[in-house]
Amino acid sequence: MAKVLTGKEENYAQWYNDLVIKADLAENSAVRGCMVIKPYGYAIWEKIQSVLDGMFKATGHSNAYFPLFIPKSFFSREADHVEGFAKECAVVTHYRLKNSPDGKGIIVDEDAKLEEELIVRPTSETIIWNTYKNWIQSYRDLPILINQWANVVRWEMRTRLFLRTTEFLWQEGHTAHATREEAIEETLRMINVYGEFAQKWMALPVEKGTKSPSERFAGAIESYAIEALMQDGKALQAGTSHFLGQNFAKAFDVMFTNKEGKLDHVWATSWGVSTRLMGALIMAHSDNNGLVLPPKLAPLQVVIVPIYKKQPELEKISAKAEQIKKSLEEKGISVKYDDRDTHKPGWKFADYELKGVPVRLAIGPRDIENNTVELARRDTLEKDTYPVAGIGDMVTGLLEKIQENIYRKALKFKEKNTFKADTYEEFCDIINNRGGFVLAHWDGTAETEEKIKNDTKATIRCIPLNGKEEKGKCIVTGKPSSQRVIFARAY
């Protein structure tokens with residue numbers, strides 16, 4: 123197979139785009155800014171979805187579904203929320219089409235204007251809290267722990283597959299609580315769920331922390347995020363969890379009778395991750411040969427490829443391959459035996475490498491004689507020969523090693539590309555010439571944050587949750603600071 127990817131050192135953005143398309147993950151659609159997620163890409167998303175869904179249910183949450191359309195008036199009830207999303211909203215104004223009088227196509231029927239415009243959901247807080255008003259009367263109705271898997275629309279001018287598209291898939295959790303403490307506990311629980319998922323399944327080390335006021339979710343009291351570092355030195359926000367206080371309960375008049383018999387407003391949270399995780403998975407681990415997928419999220423963990431010249435050889439190889447396939451499947455491993463005669467083994471090797479299949483097994487006539495198999499690892503590209511006996515246990519252990527190796531490599535990269543800066547000159551030099559996470563003191567003001575952003579395009583990614591108290595001086599103003607925060611350029 124000819125080289126299909128631009129080198130990531132040559133042009134990282136082009137490398138990423140080539141990889142998404144050539145590995146059959148997604149493609150641009152006929153609708154500007156929207157994507158078609160292809161079967162292989164969707165299979166990875168289904169794995170992500172399945173694991174997270176299990177984690178949500180294990181923490182007491184249930185799935186529900188709310189409308190795609192939200193009355194425009196709902197957005198005006200929470201001032202910060204509407205201001206945060208107003209420029210991204212798609213609006214439905216009419217409900218019917220008709221044939222054009224000149225006979226040239228179809229036009230909007232001007233007599234079919236909606237009494238109230240509908241917003242295509244950019245997020246669901248407003249429609250959900252309007253619904254919760256009917257569900258909550260007493261403390262006995264709380265907590266409500268709801269998640270929904272859905273699509274949302276945020277009108278984007280510059281789009282990139284998986285990372286920023288006009289329509290994308292996500293999950294959004296929306297919970298209601300009787301006390302402030304319970305809501306804060308929920309907010310932290312869910313950011314920790316995201317952190318655990320990133321580390322254990324995506325093999326992605328992340329920084330957990332709070333957002334600065336200017337980076338908070340619109341309408342939140344506090345926003346928490348997990349931030350990951352991509353191989354080009356840019357950060358990617360991989361998940362968020364928001365403590366909403368009583369803002370939405372007050373906006374939608376959601377009150378309950380507490381244990382003391384007094385009326386009070388409900389306390390709220392929301393939290394979510396999206397198909398942006400696909401972008402993180404690709405950019406954190408992949409190389410110039412294609413995807414490198416952590417085995418826990420790979421749709422196909424092992425592929426078996428026969429190498430033969432004559433049909434009788436294939437029959438013997440196929441019998442052995444099916445035996446191996448069965449022994450691996452009994453261990454819970456997803457396996458494909460690719461005996462297509464339309465492509466040569468070399469093409470198949472390159473294609474499965476491009477698609478990031480963690481383990482490739484090749485079987486030829488000599489392997490049949492010796493009862494062996496050639497095994498290639500996608501993460502290291504190493505090849506070796508192993509006996510067929512005990513192959514199930516061996517591959518099971520190897521997949522665990524590959525998962526751990528991918529994580530260790532990403533962690534080493536993050537550590538190598540995390541810097542401290544004590545002066546603004548040093549900070550600018552790192553951001554402009556090296557990239558990565560930069561730990562620096564900040565005076566806590568929006569003005570300083572904005573200056574840094576305008577000067578360097580770097581933003582505060584998060585104020586680390588595990589950050590040690592360290593007195594210092596702001597790199598810009600010299601004012602006192604009690605803790606370093608993480609800056610980076612970001613997607």
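In the working numbering, the protein residues as written are 123 to 613. For each residue, glycine too, the CB sits at the ideal point set by N, CA and C.
Asked	Found
Cα-Cα separation, residue 465 to residue 197	55 Å
As assigned by DSSP and simplified to three states, the class of residue 346	strand
Host beta strand (DSSP E) of residue 72 (start-end)	Since the first residue of the chain shown is 123 and the last is 613, residue 72 is not available in this structure.
Nearest to residue 459 (by Cα), restricted to the options 234, 429, 433, 250	429
Cβ distance (whole Å) where residue 390 is taken to contact residue 297 below 8 Å	7 Å
Coil, strand or helix - residue 253 by DSSP	helix
Residue 596 beta carbon less than 8 Å from that of residue 331	no
Residue 521 to residue 499 span [Cα, whole Å]	9 Å
Where residue 191 falls, given that 16 or more other Cβ within 10 Å makes a residue buried	exposed
Continuous beta strand (DSSP E) assignments of at least 3 residues falling wholly in the region 191-242	191-193, 212-216, 219-221, 228-230, 235-242
First and last residue of the uninterrupted alpha helix (DSSP H) at residue 334	Looking at the DSSP string, residue 334 is not in any alpha helix (DSSP H), and its letter there is neither H nor E.
Residue span of the alpha helix (DSSP H) that contains residue 528, given as start and end	513-538
Which of helix, strand or coil DSSP assigns to residue 156	coil
Check whether residue 405 and residue 163 have beta carbons under 8 Å apart	no
Those residues which DSSP pairs with residue 299 across a bridge	389
Nearest-angstrom Cβ-Cβ length linking residue 427 and residue 467, presumed shorter than 8 Å	5 Å
Cut-off 6 Å between Cβ atoms - residues of its own chain near residue 415, not counting five sequence neighbours on either side	478
Where the alpha helix (DSSP H) containing residue 74 begins and where it ends	Look at the range of the chain in this structure, 123 to 613, and you will see that residue 74 is not part of it.
The region 376-395 touching the region 299-315, judged by at least three CB pairs closer than 8 Å	yes
Residue interval of the beta strand (DSSP E) (run including residue 479)	Taken as a continuous stretch (DSSP letters only), residue 479 belongs to no beta strand (DSSP E), as it is neither H nor E.
Terminal residues of the beta strand (DSSP E) in which residue 508 lies	505-509
C-beta contact flag for residue 606 and residue 562 at 8 Å	yes
N-terminal and C-terminal residue of the alpha helix (DSSP H) that residue 609 is part of	Premise fails: residue 609 lies in the beta strand (DSSP E), 606-610, not in any alpha helix (DSSP H).
For residue 551, three-class secondary structure by DSSP	helix
8 Å contact criterion, which residue 347 and residue 359 should meet: CB distance rounded	5 Å
DSSP state of residue 260 mapped onto helix, strand, coil	strand
Under 8 Å between C-beta atoms of residue 260 and residue 379	yes
Three-state class that DSSP yields for residue 427 in the structure shown	strand
The region 307-321 / the region 539-556 touching (three or more Cβ pairs under 8 Å)	no
For residue 295 and residue 173, the rounded distance between their alpha carbons	15 Å
Where residue 468 sits in the DSSP three-state scheme	helix
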